[in-house]
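> Before I ask anything, let me first share the structure, which is written out below as structure tokens.
Number of protein chains: 2
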Amino acid sequence: MTLNLMAVRALLTLYAQNGFSVSVKVSTPALARTLGTSQQSASRILIRLEKEGLIERRSVGRVTFVRVTELGLNKLLDLYTDLRAVIERPMDFVLEGRVFTGFGEGAFYVSLPKYRQQFREKLGFDPFPGTLNVRLLSLDSINNRRLLNRIADVYIEGFKNGSRTYGGLKAIHGTFNDSELCAVLFIERTHYGSDVVEVISPVYLRGRFALKDGDKVRIRVTIPKEKVEREEVGGELVSVGT
Amino acid sequence: MTLNLMAVRALLTLYAQNGFSVSVKVSTPALARTLGTSQQSASRILIRLEKEGLIERRSVGRVTFVRVTELGLNKLLDLYTDLRAVIERPMDFVLEGRVFTGFGEGAFYVSLPKYRQQFREKLGFDPFPGTLNVRLLSLDSINNRRLLNRIADVYIEGFKNGSRTYGGLKAIHGTFNDSELCAVLFIERTHYGSDVVEVISPVYLRGRFALKDGDKVRIRVTIPKEKVEREEVGGELVSVGT
DNA sequence: ATTACTAAATGGCGAGTAG
DNA sequence: TCTACTCGCCATTTAGTAA
């Protein structure tokens with residue numbers, strides 16, 4: 207015997223109205239409205255929940271009072287802890303790709319004092335003067351790059367030097383080849399497409415891993431919680447509807 | 207269009223296998239096994255989830271890879287945040303009843319130094335020498351008393367004094383008539399039934415509220431989170447089954 | 001105003017099976 | 001092996017309606 211989603215939503219709605227510590231007055235039309243279903247369904251669901259021992263009902267004259275039982279609360283807690291275990295878990299975003307030689311500007315930019323100082327302060331390391339270019343291999347990696355671009359929250363500000371303008375960028379910490387600290391850069395006005403990432407590190411990655419162009423590398427970014435932005439909001443209670 | 211519970215469980219299962227940052231290899235028989243349903247249902251659910259834009263599928267030869275989309279993740283986050291908003295909320299347990307005069311032992315016990323000292327240390331106040339007896343009125347209040355008895359976590363230890371043994375008790379902080387600090391006592395070997403609570407407070411409650419026997423009073427206990435114990439555990443992923 | 005029954009429609013389920 | 005179709009069966013839904 208398995209509850210369906212509508213019954214779970216009903217149970218949650220009742221619980222949300224303090225229906226665990228206090229019996230709440232519930233009419234089937236009112237419950238139907240908040241659940242977005244029919245009065246008949248609301249009636250049937252209450253009967254069902256009562257049969258399963260998840261709620262208790264008392265009729266006083268014409269109005270009925272409903273109270274969520276401990277068994278009912280435990281059902282909700284089970285669902286909640288299952289969801290939490292999966293969702294409040296660190297998420298790994300892996301970027302896999304092949305090293306290639308870029309336009310060679312990386313070393314110049316990273317060495318600029320105004321950038322370099324910000325890297326030191328905001329990333330916590332003094333970057334090797336140069337960026338490693340990685341062309342992403344899989345669709346998953348390209349998708350992860352797009353997501354990380356949104357999640358990255360280390361902002362390196364641009365600046366002006368006479369007539370020349372230097373753009374801003376965002377960065378996020380990662381692990382290179384599962385061993386070296388690094389940061390993935392998301393440069394505002396880059397020459398590269400969305401299948402390329404530029405990486406800096408306190409160490410000389412090409413030397414450290416004896417990398418030649420075409421070698422496969424892996425960058426792993428771990429996001430502590432559900433920091434992933436939410437496009438839509440949805441709104442209503444238990445909104446798994448469409 | 208509303209997803210049913212099985213579809214939500216499928217989405218959560220896919221997401222749990224890192225199916226958001228990486229496409230995971232999924233076969234309909236394997237998914238069916240973990241969901242406890244048939245291969246046909248697993249197939250139907252994947253088709254449905256894809257149609258709704260919650261997952262993306264790619265076939266590489268015979269194996270298919272599934273990836274949860276951002277929309278899919280948001281559906282899970284919606285459900286999760288809805289549940290969290292309701293469950294991780296302070297809970298109020300209200301005990302309503304009428305004052306009555308007991309056997310008059312309260313004053314004696316509370317005044318015993320070994321009890322009094324523990325009250326001071328563990329409850330943070332010096333109790334007025336006497337307990338107020340309240341006979342609970344509603345079924346809800348009696349039920350709440352039972353729950354609070356389980357939740358109460360201030361343990362006052364018993365002791366011996368010569369041949370006489372003084373029993374232990376549990377207590378929990380509350381608010382008396384929505385204004386005065388108090389503590390509800392759960393005494394191990396009490397003369398009263400489960401429809402009675404004994405209350406202590408730093409102030410003389412009978413005087414403070416000019417209480418006569420039979421007067422209605424209200425004790426409110428606020429539990430910060432879901433501290434409510436769980437009888438059963440349940441186990442499996444999204445276990446709303448029976 | 002309620003609650004909840006019956007009946008008919010809709011939709012989900014799994015066995016069988018094709019590709 | 002796999003995916004996904006059809007089909008009979010059962011569960012869930014809503015409309016109508018009784019109490």
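Protein sequences appear in the order of chains A and B.
Take 207 as the starting number for the first sequence in the working numbering and just add one per residue.
Take 207 as the starting number for the second sequence in the working numbering and just add one per residue.
Heads up, the beta-carbon is just placed ideally off N, CA and C, and yes, glycines get one too.
The structure displayed is predicted, hence computed values, not measured ones.
1) With 8 angstroms as the threshold, decide whether the Cβ of residue 222 of chain B is near any Cβ in chain A.
2) From residue 272 of chain B to residue 237 of chain B, what distance separates their C-alpha atoms?
3) In terms of residue numbering, what span does the beta strand (DSSP E) encompassing residue 265 of chain B cover?
4) Going by DSSP in three states, residue 230 of chain A sits in which element: helix, strand or coil?
5) For residue 386 of chain A, I'd like the list of residues in its chain whose CB is within less than 7 angstroms of its CB, leaving aside the five on either flank, ordered along the chain.
6) Tell me, please, whether the CB atom of residue 300 of chain B is closer than 8 angstroms to any CB atom in chain A?
7) Using the C-alpha atoms, what's the distance from residue 344 of chain A back to residue 210 of chain A?
8) Please report the residue range of the alpha helix (DSSP H) in which residue 349 of chain B lies.
9) Would residue 346 of chain A count as contacting chain B if we go by Cβ distances under 8 angstroms?
10) Residue 364 of chain B: which of B:278, B:333, B:351, B:315 sits nearest, CA to CA?
11) Which residue spans inside the stretch 263-316 of chain A form an unbroken alpha helix (DSSP H) run of at least 4?
12) List the endpoints of the continuous beta strand (DSSP E) containing residue 361 of chain A.
13) Measure the alpha-carbon distance for residue 283 of chain B versus residue 293 of chain A and round it to whole angstroms.
14) Residue 426 of chain A by DSSP, collapsed to three states: which one?
15) My guess is that residue 422 of chain A and residue 304 of chain A are in contact by the Cβ rule of under 8 angstroms, so how many angstroms apart are they, rounded?
16) Can you pull the chain A neighbours of residue 321 of chain B, defined as C-beta to C-beta under 8 angstroms?
17) Touching or not, the stretch 345-355 of chain B and the stretch 318-332 of chain B, by the rule of three or more beta carbon pairs under 8 angstroms?
18) Applying the 10 Å Cβ sphere with the 16-neighbour rule, what's the burial state of residue 221 of chain A?
19) Using DSSP bridges, identify the partner residues of residue 386 of chain A.
20) Among A:429, A:213, A:372, A:332, which has the Cα closest to the Cα of residue 253 of chain A?
21) My guess is that residue 367 of chain B and residue 424 of chain B are in contact by the Cβ rule of under 8 angstroms, so how many angstroms apart are they, rounded?
22) I'd like to know if the stretch 261-277 of chain A and the stretch 241-256 of chain B are in contact, where contact means that at least 3 CB-CB pairs between them fall below 8 angstroms.
23) Candidates A:326, A:312, A:218: which alpha carbon is nearest residue 276 of chain A's?
24) Have a look at residue 326 of chain A and residue 295 of chain A and give me their C-alpha separation to the nearest angstrom.
25) Quick one: what does DSSP say residue 236 of chain B is sitting in, helix, strand or coil?
26) Would residue 290 of chain B pass as an interface residue toward chain A - the criterion being a Cβ-Cβ separation below 8 angstroms?
27) Measure the alpha-carbon distance for residue 372 of chain A versus residue 405 of chain A and round it to whole angstroms.
28) Taking 8 angstroms as the CB-CB limit, is residue 340 of chain A close to chain B?
29) Please state the DSSP three-state secondary structure of residue 327 of chain B.
30) Would you say residue 430 of chain B faces chain A, with C-beta separation under 8 angstroms as the test?
Result, derived from the coordinates:
1) By this cut-off, residue 222 of chain B is an interface position.
2) C-alpha separation (whole angstroms): 11 angstroms.
3) 261-266 is the span of the beta strand (DSSP E), which, as asked, contains residue 265 of chain B.
4) In the structure shown, the three-state DSSP call for residue 230 of chain A is strand.
5) Result list for residue 386 of chain A: 407, 409, 411, 414, in chain order.
6) With its beta carbon less than 8 angstroms from one in chain A, residue 300 of chain B belongs to the interface.
7) Distance between the alpha carbons of residue 210 of chain A and residue 344 of chain A: 38 angstroms.
8) Start and end: 345-357.
9) At least one chain B Cβ lies under 8 angstroms of residue 346 of chain A.
10) Of B:278, B:333, B:351, B:315, the smallest CA-CA separation from residue 364 of chain B is found for B:315.
11) The alpha helix (DSSP H) runs lying completely inside the stretch 263-316 of chain A and spanning 4 residues or more are 276-293, given in chain order.
12) Here the beta strand (DSSP E) through residue 361 of chain A covers 360-362.
13) The straight-line gap from Cα to Cα measures roughly 8 angstroms.
14) In this structure, DSSP gives residue 426 of chain A an extended state, which the three-state scheme calls strand.
15) About 6 angstroms separates the two Cβ atoms, so the contact holds.
16) For residue 321 of chain B, no chain A residue has a Cβ inside 8 angstroms of its Cβ, as the nearest lies near 29 angstroms away.
17) At 8 angstroms Cβ cutoff, the stretches do not touch.
18) The residue is buried, with at least 16 neighbouring Cβ atoms inside 10 Å.
19) Residue 386 of chain A pairs with A:382.
20) Checked all of A:429, A:213, A:372, A:332; the closest Cα to residue 253 of chain A is A:213.
21) Beta-carbon to beta-carbon, residue 367 of chain B and residue 424 of chain B are separated by about 36 angstroms, too far to satisfy the 8 angstroms threshold.
22) At 8 angstroms Cβ cutoff, the stretches do not touch.
23) Closest option to residue 276 of chain A, Cα to Cα, is A:218.
24) Each residue's alpha carbon lies about 29 angstroms from the other.
25) Collapsing the DSSP output to three states places residue 236 of chain B in a helix.
26) At least one chain A Cβ lies under 8 angstroms of residue 290 of chain B.
27) Take the alpha-carbon of residue 372 of chain A and the one of residue 405 of chain A: they are about 18 angstroms apart.
28) By this cut-off, residue 340 of chain A is not an interface position.
29) Annotated three-state conformation of residue 327 of chain B is helix, per DSSP.
30) No, because no Cβ of chain A sits closer than 8 angstroms to the Cβ of residue 430 of chain B.
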